[in-house]
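**Student:** Chains as they are written, first to last, in my numbering: chain A, 1 to 274; chain B, 1 to 274.
Encoded as structure tokens, here's the structure I'll be asking about.
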């Protein structure tokens with residue numbers, strides 16, 4: 001599956017950087033705290049300063065739910081701000097939802113219709129009918145959790161099944177045969193760069209979202225070696241190392257510099273593709 | 001692990017019924033729609049009419065998120081109403097969250113601290129460190145998804161691992177050895193009554209939450225045969241068959257009758273325990 005929005009952004013910006021908006025009120029510059037909606041203001045300034053280098057933004061929903069009704073309003077404003085000012089940029093609601101059909105449908109309506117994100121992260125544990133409702137909207141996509149970047153990925157995702165495949169491989173292989181699977185992309189943790197090679201073989205045509213370069217310790221060069229080819233179906237997320245690069249008045253400029261640094265490294269890998 | 005709150009309610013009410021609050025604005029009596037907060041008003045009347053028979057209430061978070069900021073306020077009011085008027089009744093936030101540590105911590109704060117629910121449903125896919133933050137609060141509990149009641153449970157949960165156990169058995173066995181595992185209870189789908197027997201053997205001392213009698217088609221007698229013993233560590237949820245039993249002015253009374261009917265059947269099984 002080719003996603004025109006993602007693909008044209010990668011070509012135009014020579015970047016496959018997604019900026020994660022894990023906005024923690026305790027980590028943003030104190031000078032914003034006197035404003036009406038510091039979370040939105042912080043997001044707006046980060047978006048304004050980094051959008052030359054970012055092809056996608058990924059708000060982490062937990063950080064908004066943490067502020068209850070006000071958090072929902074901030075999230076809504078961020079989504080509207082992105083859709084109005086940067087409609088060409090891809091948006092990902094990092095919500096990791098997944099439930100029985102009628103309940104998944106509710107979550108799908110919230111994030112893909114009401115909040116109008118382009119995509120949402122979904123947990124695969126409850127199987128096909130828990131994911132299908134998220135695949136029922138035109139031009140909306142799912143990032144299915146396959147292999148995550150945390151230590152706990154060893155507990156179940158990396159276990160071997162009776163057919164010798166690992167659970168995360170089974171999740172990818174099985175879901176790639178589901179109805180509307182052309183709308184499924186995969187979350188693949190950055191600590192497992194060799195696994196990315198394996199996954200690339202199972203789903204050569206699927207976009208992979210790799211979280212965790214920067215604070216979570218992933219290595220950009222290694223990830224690109226295995227995950228990036230001429231089809232350009234790789235998105236790499238960085239959150240904390242960009243948005244919290246500085247907590248003073250120049251935070252937006254410093255975030256911009258950090259994003260640019262990553263973009264330039266990405267450009268060098270893109271230039272090497274034959 | 002013995003949960004005093006749950007245990008004493010089961011003894012007192014001769015019931016192990018949890019009423020699921022999957023409150024769909026399109027299904028509640030139209031006469032409530034003119035009120036300021038129809039969702040809260042519906043929940044309040046259902047709680048007032050069924051609390052003689054219910055030992056727990058389980059709001060389904062998706063149905064509140066569907067209403068954005070207003071939905072959060074309704075959920076907050078329901079939690080406060082339950083904690084103020086029925087502090088002896090156990091509450092379950094059916095949220096099915098689970099993410100990397102710092103993000104799970106955010107979700108845990110929302111549901112177990114800010115909204116002050118007694119427990120939350122959590123997805124196991126991301127492993128131990130994604131669940132631990134939910135286990136770090138005093139007197140707060142986790143219902144870990146093990147075997148769910150939907151068709152998609154076959155896709156991954158029921159697959160066989162290299163050691164011949166199924167994935168859901170592995171989830172239960174592994175998590176029962178985690179730190180703070182005395183605070184973990186399990187969600188076990190009602191369509192698999194024989195599996196409940198197996199699970200009971202793996203975790204003889206854990207509470208099992210069985211969703212889906214009524215609308216999801218589970219059979220109460222069968223579930224009790226395998227899941228209920230003298231330790232009384234079984235909670236059975238019913239949502240739609242109680243709360244939507246009627247959509248006219250007498251909905252609360254009809255819901256009460258339905259809850260009572262289930263309680264009486266439960267009482268008969270409790271009486272047979274030696």
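Glycine included, each C-beta is placed from N, C-alpha and C at the ideal position.
Since this is a predicted model, take the numbers as computed values, not measurements.
1. Taking any Cβ of chain A, which residues in the segment 235-251 of chain B have a Cβ under 7 angstroms from it, in chain order?
2. Within 7 angstroms (strictly less), CB to CB, does residue 169 of chain A reach chain B?
3. Is it buried or exposed for residue 129 of chain B, if we count other Cβ within 10 angstroms and need 16 for buried?
4. If you draw a straight line from the C-alpha of residue 228 of chain A to the C-alpha of residue 196 of chain A, how long is it?
5. Are residue 187 of chain A and residue 209 of chain A close, meaning C-beta to C-beta below 7 angstroms?
6. Return the bridge partner residues of residue 18 of chain A from the DSSP annotation.
7. Taking the continuous beta strand (DSSP E) assigned at residue 252 of chain B, which residues delimit it?
8. Under 7 angstroms, Cβ to Cβ, is there at least one residue of chain A near residue 91 of chain B?
9. Should residue 107 of chain A be flagged as near chain B, meaning a C-beta pair shorter than 7 angstroms?
10. Please name the residues in the segment 59-75 of chain B whose beta-carbon is closer than 7 angstroms to at least one beta-carbon of chain A, in chain order.
11. Measure how close the beta-carbons of residue 185 of chain A and residue 15 of chain A come, nearest whole angstrom, since I'm counting them as under 8 angstroms.
12. Straight-line CA distance for residue 177 of chain B to residue 4 of chain A?
13. If the cut is a Cβ gap below 8 angstroms, which residues of chain B does residue 150 of chain A touch?
14. Could you check where the beta strand (DSSP E) with residue 142 of chain A kicks off and where it finishes?
15. So, under 8 angstroms CB-CB, residue 21 of chain A and residue 59 of chain A are touching, yes? Tell me the CB distance rounded to an integer number of Å.
16. Quick one: is residue 159 of chain B near chain A, going by C-beta distance under 7 angstroms?
17. From what residue to what residue does the beta strand (DSSP E) around residue 131 of chain B run?
18. Would residue 78 of chain B be called buried (16 or more neighbouring beta carbons within 10 Å of its own) or exposed?
19. For the pair the segment 94-113 of chain A and the segment 160-177 of chain A, tell me if three or more CB-CB distances fall below 8 angstroms.
20. Starting from the C-beta of residue 181 of chain B, find all residues in its chain whose C-beta is less than 7 angstroms away, skip the five residues before and the five after it, and write them out in chain order.
21. Give the interface partners of residue 112 of chain A over in chain B, defined as CB-CB distance under 9 angstroms, in chain order.
22. Excluding the five sequence neighbours on either side, which residues of its own chain have a C-beta within less than 7 angstroms of the C-beta of residue 17 of chain B, listed in chain order?
23. For a cutoff of 7 angstroms on Cβ pairs, would you count residue 156 of chain A as touching chain B?
24. For residue 203 of chain A, which three-state DSSP category applies?
25. By DSSP, does residue 119 of chain B sit in helix, in strand, or in coil?
26. Give me the Cβ distance between residue 148 of chain B and residue 189 of chain B, rounded to the nearest whole Å; I'm assuming they're in contact under 8 angstroms.
27. Consider the Cβ of residue 79 of chain A: report whether some Cβ of chain B lies at a distance smaller than 7 angstroms.
28. Residues in the same chain with beta-carbon distance under 6 angstroms from residue 123 of chain A, minus the five sequence neighbours each way, listed in chain order, please.
29. Taking the DSSP output, what are the residues bridged to residue 94 of chain B?
30. Hey, how far is the Cα of residue 150 of chain B from the Cα of residue 126 of chain A?
31. Just how far apart, CA to CA, sit residue 83 of chain A and residue 198 of chain B?
32. Here's the rule I'm using: 16 or more other beta-carbon atoms within 10 Å means buried, otherwise exposed. How should residue 113 of chain B be labelled?
33. What does a CB cutoff of less than 8 angstroms around residue 162 of chain A pick up in its chain, not counting 5 residues either side in sequence?
34. Using 7 angstroms as the limit for Cβ to Cβ distance, is residue 200 of chain A near chain E?
35. Using the Cα positions of residue 49 of chain A and residue 193 of chain B, report the straight-line distance between them to the nearest angstrom.
**Tutor:** Walking through what the data contain:
1. none
2. Residue numbering aside, residue 169 of chain A sits at position 169 when the first chain is read from its first letter. Answer no: the Cβ-Cβ gap between residue 169 of chain A and chain B never drops below 7 angstroms.
3. Numbered from its first residue, the second chain carries residue 129 of chain B at position 129. Buried: at least 16 other Cβ atoms inside 10 Å.
4. Locating residue 228 of chain A in the first chain gives position 228, where the first residue counts as 1. Locating residue 196 of chain A in the first chain gives position 196, where the first residue counts as 1. Cα-Cα distance, rounded: 10 angstroms.
5. Here residue 187 of chain A is taken as the residue at index 187 of the first chain, counted from 1. Here residue 209 of chain A is taken as the residue at index 209 of the first chain, counted from 1. Yes, these two residues count as a Cβ contact at 7 angstroms.
6. By 1-based counting over the first chain, the position of residue 18 of chain A is 18. DSSP output for residue 18 of chain A lists A/56, A/237 as bridge partner(s).
7. For the purposes of this step, residue 252 of chain B is taken as the residue at position 252 of the second chain. Here residue 252 of chain B belongs to no beta strand (DSSP E); instead the alpha helix (DSSP H) covers 251-272.
8. Taking the second chain and counting its residues from 1, the one referred to as residue 91 of chain B is at position 91. It does not; no Cβ of chain A falls within 7 angstroms.
9. Numbered from 1 along the first chain, position 107 holds the residue referred to as residue 107 of chain A. For residue 107 of chain A, the answer is yes, since a Cβ of chain B falls inside 7 angstroms of its Cβ.
10. 60, 62, 63, 65, 66, 68, 69, 72, 73
11. Counting from 1 along the first chain, the entry for residue 185 of chain A is found at position 185. Counting from 1 along the first chain, the entry for residue 15 of chain A is found at position 15. Contact flag wrong, Cβ pair sits at about 17 angstroms.
12. Along the second chain, read from residue 1 onward, the residue named residue 177 of chain B stands at position 177. Along the first chain, read from residue 1 onward, the residue named residue 4 of chain A stands at position 4. Going by the C-alpha atoms only, they are around 47 angstroms apart.
13. If you number the first chain from 1, residue 150 of chain A lands on position 150. The answer, in chain order, is 100, 101, 126, 127, 129, 130.
14. Start at 1 with the first residue of the first chain, and residue 142 of chain A comes out as number 142. It spans 141-147 - the beta strand (DSSP E) in which residue 142 of chain A sits, taken as one unbroken run.
15. Here residue 21 of chain A is taken as the residue at index 21 of the first chain, counted from 1. Here residue 59 of chain A is taken as the residue at index 59 of the first chain, counted from 1. Going by Cβ atoms, the distance from residue 21 of chain A to residue 59 of chain A rounds to 4 angstroms, so yes, they are a contact pair.
16. One-based indexing of the second chain puts residue 159 of chain B at position 159. It does: the Cβ of residue 159 of chain B has a partner Cβ on chain A nearer than 7 angstroms.
17. Here residue 131 of chain B corresponds to residue number 131 of the second chain, with the count starting at 1. No beta strand (DSSP E) holds residue 131 of chain B; the alpha helix (DSSP H) holding it covers 128-131.
18. On the second chain, position 78 is the one that residue 78 of chain B refers to. With 16 or more other Cβ atoms within 10 Å, it is buried.
19. no
20. Along the second chain, read from residue 1 onward, the residue named residue 181 of chain B stands at position 181. Excluding sequence neighbours, residue 181 of chain B sits near 175.
21. Position 112 of the first chain, counted from the start, is the residue given in the question as residue 112 of chain A. Within 9 angstroms Cβ-Cβ: nothing; residue 112 of chain A doesn't reach chain B, min ~12 angstroms.
22. Counted from its first residue, the second chain places residue 17 of chain B at position 17. Within the same chain, residue 17 of chain B has close Cβ partners 53, 54, 55, 236, 238, 259, 262, 263, 266.
23. If you number the first chain from 1, residue 156 of chain A lands on position 156. Output row for residue 156 of chain A: interface = yes.
24. Residue 203 of chain A sits at position 203 when you count from the first residue of the first chain. DSSP places residue 203 of chain A in coil when its eight states are reduced to three.
25. Taking the second chain and counting its residues from 1, one reaches residue 119 of chain B at position 119. Looking at residue 119 of chain B - three-state DSSP - the assignment turns out to be strand.
26. The residue labelled residue 148 of chain B in the question sits at position 148 within the second chain. The residue labelled residue 189 of chain B in the question sits at position 189 within the second chain. Right, the Cβ-Cβ distance comes to about 5 angstroms (below 8 angstroms), so this counts as a contact.
27. Here residue 79 of chain A corresponds to residue number 79 of the first chain, with the count starting at 1. Not closer than 7 angstroms to any Cβ of chain B, the Cβ of residue 79 of chain A fails to qualify, so no.
28. Residue mapping note: residue 123 of chain A aligns to position 123 of the first chain, counting from 1. Around residue 123 of chain A: 96, 98, 145.
29. Working through the second chain from its first residue, we reach residue 94 of chain B at position 94. DSSP lists B/60 as partners of residue 94 of chain B.
30. On the second chain, position 150 is the one that residue 150 of chain B refers to. On the first chain, position 126 is the one that residue 126 of chain A refers to. Answer to the nearest angstrom: the Cα atoms are 8 angstroms apart.
31. Position 83 of the first chain, counted from the start, is the residue given in the question as residue 83 of chain A. Position 198 of the second chain, counted from the start, is the residue given in the question as residue 198 of chain B. The straight-line gap from Cα to Cα measures roughly 50 angstroms.
32. Here the question's residue 113 of chain B lines up with position 113 in the second chain. With fewer than 16 Cβ atoms within 10 Å of its Cβ, residue 113 of chain B is classed as exposed.
33. Looking up residue 162 of chain A in the first chain gives position 162. Excluding residues within five positions, none has a Cβ falling inside 8 angstroms.
34. Although the question refers to chain E, the structure presented lacks it and instead comprises the protein chains A and B.
35. Position 49 of the first chain, counted from the first residue, corresponds to residue 49 of chain A. Position 193 of the second chain, counted from the first residue, corresponds to residue 193 of chain B. Taking the straight line from one Cα to the other gives about 56 angstroms.
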